[in-house]
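Peer 1:
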Amino acid sequence: MSILSCIPIFADHRPPFPYPILVALAFITPVLALFNSKALVPLLIVAVLIALAAHIRRSDRPTIQWSWLGRATIVFVVWIFISLGWSDHIDISAKGALKFSGNLILAYLSLRLLITTHDDNGVQTVSKALITGFIIVVIILFFEGMSGGQGTSLVSNRKPTQVGLYWLNHANTVLALLAWPVAILLWRRSVMLATGAILVVAGAAWVIKFDTLLISMGMSIIAWAAMYYAPRIFRPLGVVCLGLYILAGPLTLTTYLKPVEMAKIASLPNPLVHRFHIWTFTSDKIAERPITGHGINTSRTMSNRTMRAQDEVRGDYGELLPIHPHNFVLQIWLELGAIGAVLFAAVSGLLFLWLTANSFSRIQRAVSTAQFSIVVALLSSSFGILQSWFLAALWIVAAVTATVLSQPQRS
């Protein structure tokens, strides 16, 4: 059984499909993220359309098997569209609703059509392509980090800032998600090689000063160990902690993370203190419409370049709310209110339970948990829930992970 076959709301009826498409995705994705992460979206769309054309040509008809996860997801999407009714920026909200729905459709088609588990040779080829692309990008990241981004800065016309080589963050993120399936593949040969796959990604994050990813990798290691060695304890505990975080996030984040107080801690970097200012401002906006929210995608309308995050300790940090709150919990509360937060908590909890179901092997559950923790950590500090490149990367990583972990694992 493939590791992510439970995610689609349709029955697990996945016809064999020639594996070259997934081989190309496994190799190209980390490389492409290095130079133009936004291109991951059209790349995945083209791959899915090719696979879909072959699927239709065979006249295969999928049967529908509704799961609780599928039902909860549909209710959440319906609430997103309902939120258009009170949005002050209906055009922006409509675009966000369509964008989110389109990404979910793309997720289903990706997992439905691209996963290759029926051809052992195909699985092995996908695994080799994954490891090759992974190694190439790791080498480039370390070179760029130690040289101050001399190569990619010429291509992207960007210069290092106080937040480091920020244009390399997306590639490092993709590597972090792929590190776990790579580690398991290497584990079959050597535990040291498997450990090295995780450590080199963390090392790359340290070299390019991507601090939030470095923390995320640490969290993923803890999550992997907890699910691998104590699944009966960690599985229910993980669901409870995730639910509490989503439902109590606005209160927790602003109660204990006061921006001015945090600014007095010299060891905290400016970008992190800037996050605290953003979260405080977002919480104030949440209080204006706590039940229904302001409407999907409206966080990008809450601020402008003249509204600055400032304090008397360090001065100016930047825009008060740049595009999104850099925390998915606050974004859900801000845009979809308490009702949206409850629905999203239900979807997230059900997804976590599916990914860690007993029908999967011990290794599969641990890898899913590690990847899940990275996504939660990055969505809590760096990315928004409507960033298409990040979502496309997730769907590709899911298909690749499900494929390479479909083979019997080393005990």
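Quick note: the sequence shown uses the numbering used here, first residue 392, plus one each step.
Beta carbons: idealized from backbone N, C-alpha and C, even for Gly.
Between Ala737 and Trp724, which are expected to be in contact by the criterion C-beta below 8 angstroms, what is the C-beta distance as a whole number of angstroms?
Peer 2: About 15 angstroms separates the two Cβ atoms, so there is no contact after all.
Peer 1: Is the beta carbon of Gly686 sitting closer than 8 angstroms to the one on Ser478?
Peer 2: In this structure, Ser478 lies closer than 8 angstroms to Gly686 by Cβ.
Peer 1: Please check the pair Leu568 and Ala784, which I expect to be a contact at CB under 8 angstroms, by giving their CB distance rounded to whole angstroms.
Peer 2: Contact holds; Cβ gap of about 7 angstroms.
Peer 1: Could you check the C-alpha separation between Asn427 and Val469 for me, to the nearest Å?
Peer 2: Roughly 32 angstroms between the two C-alpha positions.
Peer 1: Comparing C-alpha positions only, which one of Ile526, Val791, Leu642 and Ala768 sits nearest to Ile606?
Peer 2: Checked all of Ile526, Val791, Leu642 and Ala768; the closest Cα to Ile606 is Ala768.
Peer 1: Closest by CA to Val795, which one among Asn661, Lys486 and Gln515?
Peer 2: Ranking Asn661, Lys486 and Gln515 by Cα distance to Val795 puts Gln515 first.
Peer 1: Are the segment 614-630 and the segment 738-754 in contact at 8 angstroms, needing three or more beta carbon pairs?
Peer 2: Yes, the segment 614-630 is in contact with the segment 738-754.
Peer 1: Taking the alpha helix (DSSP H) that Gln701 belongs to, which residues open and close that run?
Peer 2: Not the alpha helix (DSSP H): Gln701 falls in the beta strand (DSSP E), residues Arg699 to Asp702.
Peer 1: If we count the other Cβ atoms within 10 Å of its Cβ and call it buried at 16 or more, is Ser484 buried or exposed?
Peer 2: Its Cβ being crowded by 16 or more others within 10 Å, Ser484 is buried.
Peer 1: Alpha carbon to alpha carbon, how far is Ser538 from Pro713? Give it in angstroms, no decimals.
Peer 2: Going from the Cα of Pro713 to the Cα of Ser538 covers about 30 angstroms.
Peer 1: Relative to the C-alpha of Leu375, which residue among Met583, Ala520, Arg503 and Asp482 is closest?
Peer 2: No answer is possible for residue 375: it lies beyond the span of the chain, which begins at 392 and ends at 802.
Peer 1: Report the rounded CA-to-CA distance for Trp670 versus Thr645, giving the unit in angstroms.
Peer 2: Each residue's alpha carbon lies about 7 angstroms from the other.
Peer 1: Taking Cβ positions only, does Leu721 come closer than 8 angstroms to chain D?
Peer 2: Here there is only one protein chain, and chain D is not present.
Peer 1: Please report the distance separating the alpha-carbon of Val414 from that of Arg580.
Peer 2: Whole-angstrom Cα-Cα distance: 21 angstroms.
Peer 1: So who's on the other strand from Gly709, going by DSSP bridges?
Peer 2: The partner list for Gly709 (beta bridge, DSSP) reads Ala700.
Peer 1: Examine the ligand NAD and report whether any of its heavy atoms sits within less than 7 angstroms of the Cβ of Leu443.
Peer 2: This structure lacks the ligand NAD; in fact it carries no ligand of any kind.
Peer 1: Less than 8 angstroms between C-beta atoms, sequence neighbours within five positions excluded: which residues of the same chain meet that for Leu354?
Peer 2: Summary: the structure shown does not reach residue 354, with the chain confined to residues 392 through 802, and so no result is reported for it.
Peer 1: Under 8 angstroms between the Cβ atoms of Thr792 and Met618?
Peer 2: Taking 8 angstroms as the Cβ cut-off, Thr792 and Met618 do not qualify as a contacting pair.
Peer 1: For the alpha helix (DSSP H) that contains Asp602, what are its first and last residues?
Peer 2: Asp602 -> alpha helix (DSSP H) spans Asp602 to Tyr620.
Peer 1: Excluding five sequence neighbours on each side, which residues of the same chain lie with their C-beta closer than 8 angstroms to the C-beta of Leu423?
Peer 2: Result list for Leu423: Ala430, Leu431 and Leu434, in chain order.
Peer 1: What number of angstroms, rounded off, separates the C-alpha of Trp578 from the C-alpha of Phe525?
Peer 2: Each residue's alpha carbon lies about 15 angstroms from the other.
Peer 1: Would you tell me roughly how many angstroms separate the C-alpha atoms of Val630 and Gln541, rounded to the nearest one?
Peer 2: Computed Cα separation, rounded: 44 angstroms.
Peer 1: Grab the span of the alpha helix (DSSP H) containing Lys519 for me, first residue to last.
Peer 2: Asp511 to Ser538 is the span of the alpha helix (DSSP H), which, as asked, contains Lys519.
Peer 1: Between the C-alpha atoms of Phe467 and Asp702, what's the straight-line distance to the nearest angstrom?
Peer 2: Each residue's Cα considered, the two are about 38 angstroms apart.
Peer 1: Tell me, to the nearest whole angstrom, how far the beta carbon of Leu425 is from that of Ala596; I am working on the premise that it is less than 8 angstroms.
Peer 2: Not really, about 14 angstroms apart at Cβ, beyond 8 angstroms.
Peer 1: Give every residue of the same chain whose Cβ lies closer than 7 angstroms to the Cβ of Val704, excluding the five residues on either side of it in the sequence, and list them in chain order.
Peer 2: Closer than 7 angstroms at Cβ, skipping near neighbours: Val651, Ala654 and Lys655.
Peer 1: Over the uninterrupted alpha helix (DSSP H) stretch that includes Lys557, give me the two end residues.
Peer 2: Strictly speaking, residue 557 in this sequence is Tyr, with Lys absent from that position. No alpha helix (DSSP H) contains Tyr557, which DSSP labels as neither H nor E.
Peer 1: Helix, strand or coil for Leu497 per DSSP?
Peer 2: Helix.
Peer 1: Check Gly684 in the structure and name its three-state DSSP category.
Peer 2: In the structure shown, Gly684 sits in coil (DSSP, three-state: anything other than H, G, I, E or B).
Peer 1: Taking Leu742 as the reference, give the member of Gly728, Leu659, Val766 and Ser797 with the closest Cα.
Peer 2: Nearest option by C-alpha distance: Val766.
Peer 1: Here's a check: name, in chain order, each residue in its chain whose Cβ is nearer than 8 angstroms to the Cβ of Phe491, leaving out the five neighbours to either side.
Peer 2: Val468, Ile471, Ile687, Ile776 and Leu777, listed in sequence order.
Peer 1: Which stretch, first to last residue, makes up the alpha helix (DSSP H) that contains Asn661?
Peer 2: Residues Asn661 to Glu679.
Peer 1: Excluding the 5 residues preceding and the 5 following Gly536 in the sequence, name in chain order all residues of the same chain whose CB lies nearer than 7 angstroms to its CB.
Peer 2: Around Gly536: Leu556, Ala595, Val598 and Ile599.
Peer 1: For a test of the three-state rule: what should DSSP assign to Phe401, helix, strand or coil?
Peer 2: Confidence in Phe401 is poor, its pLDDT being 36 and thus under 50, which makes the residue's placement too unreliable to answer from.
Peer 1: Using three-state DSSP, classify Leu505 as helix, strand or coil.
Peer 2: Here Leu505 sits in coil by DSSP.
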